[in-house]
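Here the protein sequences come in this chain order: A and B. Residue numbering for the first sequence follows this note's numbering, starting at 768 and increasing by one per position. Residue numbering for the second sequence follows this note's numbering, starting at -5 and increasing by one per position. We put the CB at the ideal spot given by N, CA and C, even for glycine.
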Amino acid sequence: MAEQPLDAPAGVGSKIGNVAGHPALFSLIFAFALGWAIVWLTGGDPWFAYREMFDGAVTGSGLRNTLSRAIPIVGMALAVSVAFRSGVINLGGEGQMVVGGLAGTVVAIYMPGPGQLVIPVAMVVGGLAGALWALLPALGQTRLRLPILITSLLLNYVARAITGYLVRFRLLDDSVTLTSTEQVPATARMPKIPVFGGVSYSLLLVVVLVIVIWVVYGRSVSGYETRMAGLNGRFARYGGIQVERQTVYVMAVAGAIGGVIGTHMILGDAYRYIDGELVLSGLAWTGLLVALLANNHPLLILAAGLLFSGLQIGGLAMQRNADVSWRLAQVLQALVIVAVASRLTFTWFKRRTDRGVTPGEVEPAGVGEV
Amino acid sequence: MSLALEFRGITKRFPGVLANDAIDMKVEAGHIHAVVGENGAGKTTLMSILFGLYPADAGEILVSGERVRFTSALEAIRAGLGMVHQAFRLFPTLSVADNVVFRDEPTRRGMIDRAAGAEGVGALAERYGLAVDPRAVVETLPVGVLQRVEILKALYRDARILILDEPTAVLTPQERDKLFEVIRRLRDAGRTILFITHKLGEVMAVSDRVTVLRDGRSVADLVTAETNPTEIARYMTGRQVDLDRRAPAHEAGGAVLTVTDLTVTGQHGRAAVKNVSLEVRAGEIVGVAGIAGNGQSELIEAVTGLRDVPDGSIHLHGNDISTSEVLTRRLAGMAYIPEDRHGVGTSHLATVSNNLLLGHQRRDGFQSKGWFDRKAVRHHARRLIETYGIRSGPINSPVSTLSGGNLQKVVVAREMSHGAPLLIAEQPTRGVDIAAIEFIHDRLITFRDDGGAVLLVSAELSEIRALSTRILVMFDGRIVAELDPAEVDEAAIGYYMTGAHEEALSG
Chain A
768 MAEQPLDAPA GVGSKIGNVA GHPALFSLIF AFALGWAIVW LTGGDPWFAY REMFDGAVTG
828 SGLRNTLSRA IPIVGMALAV SVAFRSGVIN LGGEGQMVVG GLAGTVVAIY MPGPGQLVIP
888 VAMVVGGLAG ALWALLPALG QTRLRLPILI TSLLLNYVAR AITGYLVRFR LLDDSVTLTS
948 TEQVPATARM PKIPVFGGVS YSLLLVVVLV IVIWVVYGRS VSGYETRMAG LNGRFARYGG
1008 IQVERQTVYV MAVAGAIGGV IGTHMILGDA YRYIDGELVL SGLAWTGLLV ALLANNHPLL
1068 ILAAGLLFSG LQIGGLAMQR NADVSWRLAQ VLQALVIVAV ASRLTFTWFK RRTDRGVTPG
1128 EVEPAGVGEV
Chain B
-5 MSLALEFRGI TKRFPGVLAN DAIDMKVEAG HIHAVVGENG AGKTTLMSIL FGLYPADAGE
55 ILVSGERVRF TSALEAIRAG LGMVHQAFRL FPTLSVADNV VFRDEPTRRG MIDRAAGAEG
115 VGALAERYGL AVDPRAVVET LPVGVLQRVE ILKALYRDAR ILILDEPTAV LTPQERDKLF
175 EVIRRLRDAG RTILFITHKL GEVMAVSDRV TVLRDGRSVA DLVTAETNPT EIARYMTGRQ
235 VDLDRRAPAH EAGGAVLTVT DLTVTGQHGR AAVKNVSLEV RAGEIVGVAG IAGNGQSELI
295 EAVTGLRDVP DGSIHLHGND ISTSEVLTRR LAGMAYIPED RHGVGTSHLA TVSNNLLLGH
355 QRRDGFQSKG WFDRKAVRHH ARRLIETYGI RSGPINSPVS TLSGGNLQKV VVAREMSHGA
415 PLLIAEQPTR GVDIAAIEFI HDRLITFRDD GGAVLLVSAE LSEIRALSTR ILVMFDGRIV
475 AELDPAEVDE AAIGYYMTGA HEEALSG
């Protein structure tokens, strides 16, 4: 990136050029080293296990699977980061995804017409449904002072219950033993890009979304205002930013992205809405971890999303070929996050020891992200 | 004459900063010794080394002729040193006596003897003329008394050397004078006082000797009776400073800000501002004096749109803005330098450029249809950094890398750069060094001379008197006096600030 007149989109310490010095890199090394030790201590061959994991993630059908799984991970990470970056703690990604996903699926199943029409409409409806669902906690906070942190999280359970009811009692496909809707007709399925053995066009959608968000963050007044609100709400209010109104917009955008990703999961992947499947996948939470690791920077989210996707896909191959449980992939994910989170502690410690350097000087940057 | 405390060649280097550069200082026993210097001169570092918060890179410290090297504040206290901090460290819900004896409680058969504690503290207070009721609960006491409690804490541990760090920052003129009496009495009882300050008037009023620090070095060691404020200021800044500037009177124009019968609710739902009316005209600076917590903050928040206005009205150039959004007020011509420059006036983690932009981000020159003209934003930042002499790194470095004075310049530059006709300036020079104070005062006067209207709130009476065309005194949420700065001295303003005139009226 050339000179940055405004903040790097996600702010301090997260410019692409700084990656080498970024705590994320340290976190990765830390995690893989510890994972190595775990495999070694349990009598495995860590070098072999890691090689199988890598091969499994990028060779043969592995690359296609990694790219496909990266679509929802990156998408849900974007959804969560849009909110986090503005200081809105939206933990309702899961609910926004299932509500949007089911709404989009219903359109895809029941709307007549050619795919070129049905698919976009399903996506838009899925996005709208996710956005409306996200507005509940947003308005709860701005109107009733109920913290979004709590309400968005609890509404996930409500969303599960409502969609579960609809699938079981209104939309059930009796011809299969699954608790599921009917299949999405072939014409309304997301077509595949004929590369790597076929990856859904949603990948392009997600990449475009990454770029759009990156540009909006870096160049638009809204990107600036949301960033300022996320960094210091009192400063933002003082500067005339209407933080409450902004919270509502930001939640709507986050919910819309979640809804679109939920719709993609059916139209581009599963082809039928199976009750509980989206929740079990844990995609919303993996996305949240990715957003944390990438410090809300959209380009880093793309990279981190591919990494986590690769870990999950490669982990399965590793289990198959190296007889090391795929759960090692989860352990690695967790270790990366622990290392990233502990950076806050390092910074805090550093600040303590630095205190009094120059009286009147303020704290070093790097704390308080998210 | 024996030395109570001696610093020999104290040197302390932090990454990129030489905070103390071979500082020598001799403090004679039974004297009041002032240490003055601007922010960043090394006062705080020197005291931190004395109290063992971190070791010196070189040099040694002698207490009563003995070499010491403390590794914790506790050791320093045992050796007879006592520190009274700027920010009080007291338990608000406990009594004065409980606070004073904490960790040194008198005991009887293994149990804390609270009665003996209260008695001992009462006797101690009486001996040094510190008017404090040992049984009073701390949170009910005014700031001046809290400071006496801190002093008592040190005396209770029999501190021979008492260090006061900027002790007058929070006091009214009357409280300050009482503090000085206490300090003198302690000296006369044989104690040694180290008085850290940047206010020259106080150095002259109370100290016997003065050491001046600049850029980490001790540049002068003077006998107070043989020097004068101008000389000390010259040592502090390294150049000639004119201390007696007064803003010449100026013809005021039409009303810019009109506040009518304003009532504002503060914390806990009580009325913080009661029925206040005031007017600020073009070409005048209206100074609001008052002890912190008498409604000034709430008044300013209401005027700037950060707090609701339940009753009364606010007009800017005749337009009612009582219920307008902050942004509307800003675009209508209101600029605001807030009191809390770290928490409200800037955003630490954001860049210098972004900090200079806030409040103007929707102006037409900077954006069109929601997209920034990045060249204009950059140019704006560079121009302000140059015009206001802000010492900063690249415009995209975080603003947290700036010193306090430069940070305040960022706020001042941002607020004064768009020709707003009304400026609300709240504690505009608190905690910044003399050079920055001069600069900011110059800017305010120029702004006034160009026809701007300024509403100034300051705890520094000298600042209020130096700048104001008119002075309003706030007490208990009301404006209790309107004074002409040419006709009143600080004592007279202080008289109204404490509400004393009302007591006088009610007998």
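Asked	Found
On a CA-only basis, which of 1026/A, 1034/A, 1100/A and 985/A is nearest residue 852/A? Give me that one, please.	985/A
Rounded C-beta distance between residue 868/A and residue 1045/A? I'm assuming under 8 Å.	6 Å
Roughly how many whole angstroms lie between the Cα atoms of residue 434/B and residue 457/B?	11 Å
DSSP three-state call for residue 1065/A: helix, strand or coil?	helix
Quick one, which of 102/B, 287/B, 153/B and 366/B has its alpha-carbon nearest residue 266/B's?	287/B
For residue 247/B, count the other beta carbons within 10 Å of its own beta carbon; 16 or more makes it buried, fewer makes it exposed. Which is it?	exposed
Can you list the alpha helix (DSSP H) stretches of 4 or more residues lying completely in the region 879 to 942 of chain A, in chain order?	882 to 911 and 915 to 936
How far does the beta strand (DSSP E) with residue 6/B in it reach, from first residue to last?	-3 to 8
Only counting runs of 4 or more residues, tell me where the alpha helix (DSSP H) segments fall wholly within the region 172 to 207 of chain B, in order along the chain.	194 to 200
Under 8 Å, do residue 89/B and residue 50/B count as touching if we go by C-beta distance?	no
To which residues does DSSP link residue 468/B through a beta bridge?	473/B
Please list, in chain order, all residues of the same chain as residue 477/B whose beta carbon is under 6 Å from its beta carbon, the five residues on each side excluded.	465
Which residues of chain B have a Cβ atom closer than 7 Å to the Cβ of residue 988/A, listed in chain order?	355, 356, 361, 364 and 366
In chain B, what lies closer than 9 Å to residue 764/A by C-beta?	In this structure chain A extends from 768 to 1137, so residue 764/A is not present and cannot be described.
In chain order, what residues of the same chain have a beta carbon less than 7 Å from the beta carbon of residue 39/B, not counting five sequence neighbours either side?	6, 13 and 14
Flag this pair as touching only if the region 23 to 31 of chain B and the region 173 to 189 of chain B have three or more C-beta atom pairs under 8 Å; answer yes or no.	yes
Going by alpha carbons, who is nearest to residue 451/B out of 325/B, 473/B, 390/B and 282/B?	282/B
Using the Cα positions of residue 1116/A and residue 847/A, report the straight-line distance between them to the nearest angstrom.	Low per-residue confidence applies at residue 1116/A: pLDDT is 46, beneath 50, and the placement is therefore not dependable, though the value from the model is reported in the following sentence. Using only the alpha carbons, I get a separation of about 28 Å.
With DSSP as the reference, identify every bridge partner of residue 348/B, one or two as the case may be.	Residue 348/B pairs with nothing; no bridge assigned.
Grab me the residues of residue 1073/A's own chain with a C-beta within less than 6 Å of its C-beta, minus the 5 sequence neighbours each way, in chain order.	837
Whole angstroms is fine: what's the gap from residue -2/B's alpha carbon to residue 332/B's?	43 Å
What residues match up with residue 19/B in a beta bridge as DSSP calls it?	1/B
Taking just the CA atoms, how far does residue 808/A sit from residue 33/B?	56 Å
Just to confirm the assignment, what range does the alpha helix (DSSP H) spanning residue 509/B have?	Outside the shown range of chain B (-5 to 501) lies residue 509/B, about which nothing can therefore be said.
What does residue 392/B pair with, by DSSP beta-bridge criteria?	345/B
Determine the extent of the alpha helix (DSSP H) in which residue 844/A is found, giving its start and end residues.	828 to 852
When you check each C-beta in the region 1001 to 1027 of chain A against every C-beta of chain B, which residues fall closer than 8 Å?	1001, 1002, 1003, 1004, 1005, 1006, 1007, 1008 and 1009
What residues from chain A crowd round residue 267/B, counting only those whose CB sits closer than 9 Å?	Going along chain A, no residue has its Cβ under 9 Å from residue 267/B, so there is no contact; the nearest lies around 19 Å.
Can at least three beta-carbon pairs, one atom from the region 882 to 894 of chain A and one from the region 1043 to 1062 of chain A, be found at a separation below 8 Å?	no
Considering residue 330/B, what are the terminal residues of the alpha helix (DSSP H) in which it resides?	Residue 330/B -> not in any alpha helix (DSSP H); beta strand (DSSP E) instead, spanning 328 to 331.
Would you decide whether residue 105/B is buried or exposed? Buried here means 16 or more other CB atoms lie within 10 Å of its CB.	exposed
Cβ of residue 340/B less than 8 Å from any chain A Cβ?	yes
Can you tell me the Cα-Cα spacing of residue 485/B and residue 168/B, whole angstroms?	7 Å
Quick one: which residues of the region 166 to 196 of chain B get their C-beta closer than 8 Å to a C-beta of chain A? List them in chain order.	none
Helix, strand or coil, according to DSSP, for residue 803/A in the structure here?	helix
Just grab the DSSP bridge partners of residue 361/B for me.	366/B
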